[in-house]
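Chemist: The structure is given below, and queries will be raised subsequently.
Residue numbers (the working numbering): 94 to 738.
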């Protein structure tokens, strides 16, 4: 397999993970899949959770490609695809909650099936081994423990993702160094790259959490890949234990102490060593510390254990002893009584503000004139032919590629693909090359177009030299990448060429209170009011200073609300009715009345939209408030005076 093709495929997986996580943020906000801080939380602002389902889908799609290329044994593919069940169970738990016993039984059954599949593939003589029951029980227990261990350790921003990336990359490099190119090395690299796209959004301060869907999936897949590498002989048995030393030592020491004290060790808690470290040094320093331990200490020892198998267990002890001392020093398993201090650091505004740009910035349509339609058809023809040319270039000598691309087979193939895409565009009635919402549809239609072109070309030329499944798969992959690239590049180019001095017609909104009520209003605004642009929150709590809540910054406190309105050009303030009774909200209302600032008190945007049949409201709200009916009885007096203001 071409190294260039492998690198391009891995980069595509990383980009899909990044882009899918960005889309998931909006979906989680719309359906209120948000993690609310409590007394055990290591974060202080509501944050979407369950984002791990994105890189799970990307990784399983990569596994499907490896299986289609016959690079994976059938039972190996089955064991990895069983991770989809683990991810679904975790996502179900993120959204609705599942009992502990039910989750544990399901994990045991899935782990047992994976162990049987892998041992039957690479160690068939195990069924005649005298210690077979002990081997099976130990392997299943190791699977279940690794699943829950990763779930336990996913407690601060970016730590679980960073750990899996370091371990996956180290395993991939070790296998490559010892055995050259191997499917196991590619699988480890695929897991690391798929997770790295999510890490961009999970990096402190995190814009999204992976939840049980991601942490349980990562633990299961890492266990499956490590067991595959061990039974294949690609890795010595101590190597995975050395690389996972940070998680194994912390979780085992913490839960062991809680179990010996008679506590309910399986319930959520905040006594892990990394949680104590996060309280002392902050999330970012703790995550960077875990990465440094993996790269500078554990990875070199793992390389030595692979090259010196006779010293593997001694190197394991050497690797674990300092980690045990550090975990003991940080107080693993001990409940600290001092007041929790959360360090909220300002993240990159460009990275987090991208969430707010997805809905409406690229929603405009290209003028459907004859010239524009001809240009788009020309682009589709060029994409179809370029995809075929790049595929031929990756499979055949460069001297014969141009002749194959211009032959009857190549032209028929490209024109069929183009015809399918053009018919799809005509059926959709609009050429929405500016809408990022259509990327999943474009991906599916590109796949259909590639398969249709292959079938027509092979039907007309059955003796073609390019008639085999691997070539068709690569051609479809190139066509999808180029089509999606056009879909993404078009709005970016047009947006860059747009005059910077054009006036903004959207109504700028600020929300009072970075609480659950404020997050609900933000979610409803993004979904139901495309003409409104939420800029951020107004909140006086000092621990939120400089923080981001669901992608929006804290603009200021209640005391300087007038300065905030003038600085950001805010048109209207929204006050959740649940927060109106607070002293800060009452002072803000009084300030709005005295200063002539427009404000609206809302209960629920989804429930309070004014039906057209009811006519105008008996109050006279602000322009945005024309869409709402104020039902909170405590605010009727203030609503009447607000109209005068």
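We put the beta carbon where it would ideally sit given N, CA and C, even for glycine.
#1: Decide if residue 513 is buried, meaning its Cβ has at least 16 other Cβ atoms within 10 Å, or exposed.
#2: Can you name, in chain order, every residue of its own chain whose Cβ lies under 6 Å from the Cβ of residue 50, other than the five neighbours on each side?
#3: Which word fits residue 194, buried or exposed, when buried means at least 16 other C-beta atoms lie within 10 angstroms of its C-beta?
#4: So, residue 252 versus residue 364, is the Cβ gap smaller than 8 Å?
#5: Start and end of the beta strand (DSSP E) containing residue 330?
#6: Quick check on residue 722: does DSSP put it in helix, strand or coil?
#7: Measuring CB to CB, does residue 261 end up less than 8 Å from residue 278?
#8: Is it true that the CB of residue 416 sits closer than 8 Å to the CB of residue 342?
#9: Assuming residue 324 and residue 211 make a contact with CB atoms under 8 Å, what is their CB distance in whole Å?
#10: Which class does residue 400 belong to by DSSP, given the choice of helix, strand or coil?
#11: Taking buried to mean at least 16 other C-beta atoms within 10 Å of its own C-beta, is residue 665 buried or exposed?
#12: Skipping 5 residues on each side, what residues in its chain have a beta carbon closer than 8 Å to that of residue 319?
#13: Which of the three DSSP states, helix, strand or coil, is assigned to residue 647?
#14: What's the gap between the Cα of residue 534 and the Cα of residue 541?
#15: Taking C-alpha atoms, which residue in 126, 208, 353 and 269 lies nearest to residue 304?
#16: In the structure shown, what three-state DSSP assignment does residue 359 receive?
#17: Cα-Cα, which of 115, 421, 686 and 191 is closest to residue 292?
#18: Give the range of the alpha helix (DSSP H) segment to which residue 271 is assigned.
#19: Helix, strand or coil for residue 339, going by three-state DSSP, please let me know.
#20: Kindly indicate which three-state DSSP category residue 107 falls into: helix, strand or coil?
#21: One question on the structure: do residue 183 and residue 274 come within less than 8 Å of each other, judged by their Cβ atoms?
#22: Provide the residue span of the beta strand (DSSP E) that contains residue 604, from first to last.
#23: Among the candidates 680, 689, 671 and 631, whose CA atom is the shortest distance from the CA of residue 661?
#24: Determine the closest residue to residue 129 out of 609, 634, 680 and 619, with distance taken between C-alpha atoms.
#25: Classify residue 696 as buried or exposed, calling it buried when 16 or more other Cβ atoms lie within 10 Å of its own Cβ.
#26: Using the Cα positions of residue 307 and residue 218, report the straight-line distance between them to the nearest angstrom.
#27: Can you look up residue 691 in the DSSP assignment and give me helix, strand or coil?
#28: Since residue 665 sits in a beta bridge, which residues does DSSP pair it with?
#29: Beta carbon of residue 398, beta carbon of residue 409: below 8 Å?
#30: Helix, strand or coil: how does DSSP classify residue 309 here?
#31: Near residue 168, what residues of its chain come up, given a Cβ to Cβ distance below 8 Å and the 5 sequence neighbours on each side ignored?
#32: Give every residue of the same chain whose Cβ lies closer than 6 Å to the Cβ of residue 655, excluding the five residues on either side of it in the sequence, and list them in chain order.
#33: Span of the beta strand (DSSP E) holding residue 628?
#34: Would you be able to state if there are at least three C-beta pairs under 8 Å between the region 642–654 and the region 137–156?
#35: When you compare the CB positions of residue 207 and residue 172, do they come within less than 8 Å of one another, or not?
#36: Compute the Euclidean distance between the alpha carbons of residue 299 and residue 249, then round it to the nearest angstrom.
Modeler: This is what the structure gives:
#1: Per the 10 Å Cβ criterion, buried.
#2: Coverage of the chain is limited to positions 94 through 738, which leaves residue 50 absent and any answer about it impossible.
#3: exposed
#4: no
#5: Run containing residue 330: none; DSSP gives neither H nor E here.
#6: Because residue 722 carries a pLDDT of 33, less than 50, the predicted location of this residue cannot be relied on, and no value is offered for it.
#7: no
#8: yes
#9: 6 Å
#10: Helix at residue 400.
#11: buried
#12: Once the five neighbours on either side are set aside, the close Cβ partners of residue 319 are 264, 328 and 333.
#13: Residue 647 falls in the strand class under three-state DSSP.
#14: 11 Å
#15: Out of 126, 208, 353 and 269, 126 has the C-alpha closest to the C-alpha of residue 304.
#16: Note: residue 359 maps to coil in three-state DSSP.
#17: Ranking the options by Cα distance to residue 292, first place goes to 115.
#18: 252–272
#19: helix
#20: helix
#21: no
#22: 600–605
#23: It is 631 whose Cα lies nearest to the Cα of residue 661.
#24: 609
#25: buried
#26: 34 Å
#27: coil
#28: 602
#29: yes
#30: helix
#31: 210, 211, 213 and 214
#32: 688
#33: 625–631
#34: Enough Cβ pairs lie closer than 8 Å, so yes.
#35: yes
#36: 9 Å
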